[in-house]
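Read through the structure below, which is laid out as structure tokens, and then see the notes.
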Amino acid sequence: MAVLLAAAAFSTLVVVSGAGENSMSFIKSSCQSTLYPDLCFTSLARYAASVRSDPVRLAWLAANVTLGRLRAVSSHVSALRRTGAGESRTTAALSDCAEMLGDAVDLARSSVAEIGKLAAPSTAGTEIAWRVSNAQTWMSAVMTNEDTCTDGFVSVPGPMKTDICGRIRWAREYTSNALALVNNLVANR
Ligand SMILES: *[C@@H]1O[C@H](CO)[C@@H](O)[C@H](O)[C@H]1NC(C)=O
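The sequence shown runs -18 to -1, 1 to 171 under mature numbering (1 follows the signal peptide of the UniProt record, and there is no 0).
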């Protein structure tokens, strides 16, 4: 039933199409409330036709883009762990980081799903607040996991640390932006 309602909600939204220019400026101005507005805009502008001027759809797509980044970093770190090379500090840091990122992918996926449920037009105010709060909690937890992963590499020598911490920093910028756009959903109401 919930799936049917969500599907109906999306097809209703699709009928109400907006102008591309408006959508671009909506994305640009929404991105000003994030910590990395350029990254925000360049990563989301391609979805203008789908976003139109809907803050829920913008947050939803930003969360989905973040999920994609996290999946890529997670599989990179998991692949490095499987090679099993390196001394014990590296092995331990990789192992912890792979766990953290695996959980982060699950959290981001839950967050995307929760924001997706907000699109139903009949969604009541209390339900919106509840779902936004869940999405915020899970996206914040993703950032905590990213930080824990980075912290684990502090005493690890060599280029692997630079590589992994660089990738995580990038994913973290996406996560931070997605969280800011989710936060906007309550700030705007
Ligand atoms: C979500 O992101 C994935 C890539 O990570 C993409 O294949 C999919 O189409 C995206 N979903 C939407 C609704 O944009």
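Glycine included, C-beta positions come from ideal geometry on N, C-alpha and C.
Computed from a predicted model, the values in this text were never measured in an experiment.
Once DSSP output is grouped into helix, strand and coil, what is the label at VAL136? By one-based count along the sequence shown, residue 136 stands at place 154. Correct three-state label for VAL136: coil.
| Is the Cβ-Cβ distance between ILE150 and VAL87 less than 9 Å? | Taking the first residue of the sequence shown as position 1, residue 150 is located at position 168. Taking the first residue of the sequence shown as position 1, residue 87 is located at position 105. Not closer than 9 Å, so no.
Review point. Is the beta carbon of LEU89 less than 9 Å from the beta carbon of VAL59?
Key: For the purposes of this step, residue 89 is taken as residue 107 along the sequence shown, with counting starting at 1. For the purposes of this step, residue 59 is taken as residue 77 along the sequence shown, with counting starting at 1. No Cβ-Cβ contact shorter than 9 Å links LEU89 with VAL59.
Backbone secondary structure at GLU69 - three-state DSSP: If you number the sequence shown from 1, residue 69 lands on position 87. DSSP places GLU69 in coil when its eight states are reduced to three.
Check this for me: beta carbons of ALA41 and TYR156, under 9 Å apart or not?
Here residue 41 is taken as the residue at index 59 of the sequence shown, counted from 1. Here residue 156 is taken as the residue at index 174 of the sequence shown, counted from 1. Their beta carbons are not under 9 Å apart, which means ALA41 does not touch TYR156 by this criterion.
Exercise for review: Under the assumption that VAL124 contacts THR72 (Cβ atoms under 8 Å), give the Cβ distance between them as a whole number of angstroms.
Suggested key: To locate residue 124, count along the sequence shown from 1; it is residue 142. To locate residue 72, count along the sequence shown from 1; it is residue 90. At roughly 24 Å, the Cβ-Cβ gap does not stay under 8 Å, so VAL124 and THR72 are not in contact.
Original post:
Buried or exposed: which applies to ASN159, given that a residue is buried once 16 or more other Cβ atoms fall within 10 Å of its Cβ?
Top reply: Here residue 159 refers to the residue found at position 177 when the sequence shown is read from its first residue. Label assigned to ASN159: buried.
Rounding to the nearest angstrom, what Cα-Cα distance links ARG113 and SER35 in this structure?
In the sequence shown, counting from the first residue as 1, residue 113 sits at position 131. In the sequence shown, counting from the first residue as 1, residue 35 sits at position 53. Taking the CA atoms as reference points, ARG113 sits about 20 Å from SER35.
**Request:** Just tell me which of VAL168, LEU163, CYS147 and VAL33 has its CA closest to the CA of ALA75.
**Result:** By one-based count along the sequence shown, residue 75 stands at place 93. The residue with the shortest Cα to Cα distance from ALA75 is CYS147.
*Burial state of ALA153 (16 or more Cβ within 10 Å)*: In the sequence shown, the residue the question calls residue 153 occupies position 171. Burial check for ALA153: the Cβ neighbour count within 10 Å reaches 16 or more, so the residue is buried.
Checking 9 Å against the spacing of the C-beta atoms, do LEU100 and LEU21 come in under that value? The sequence position of residue 100 within the sequence shown is 118, counting from 1. The sequence position of residue 21 within the sequence shown is 39, counting from 1. For LEU100 and LEU21, no; Cβs fall outside 9 Å.
query = Quick one: Cα of PRO19 to Cα of ALA102, how far?
reply = To locate residue 19, count along the sequence shown from 1; it is residue 37. To locate residue 102, count along the sequence shown from 1; it is residue 120. Whole-angstrom Cα-Cα distance: 28 Å.
_Checking 9 Å against the spacing of the C-beta atoms, do ALA117 and GLU96 come in under that value?_
The residue labelled residue 117 in the question sits at position 135 within the sequence shown. The residue labelled residue 96 in the question sits at position 114 within the sequence shown. Going by C-beta atoms, ALA117 is nearer than 9 Å to GLU96.
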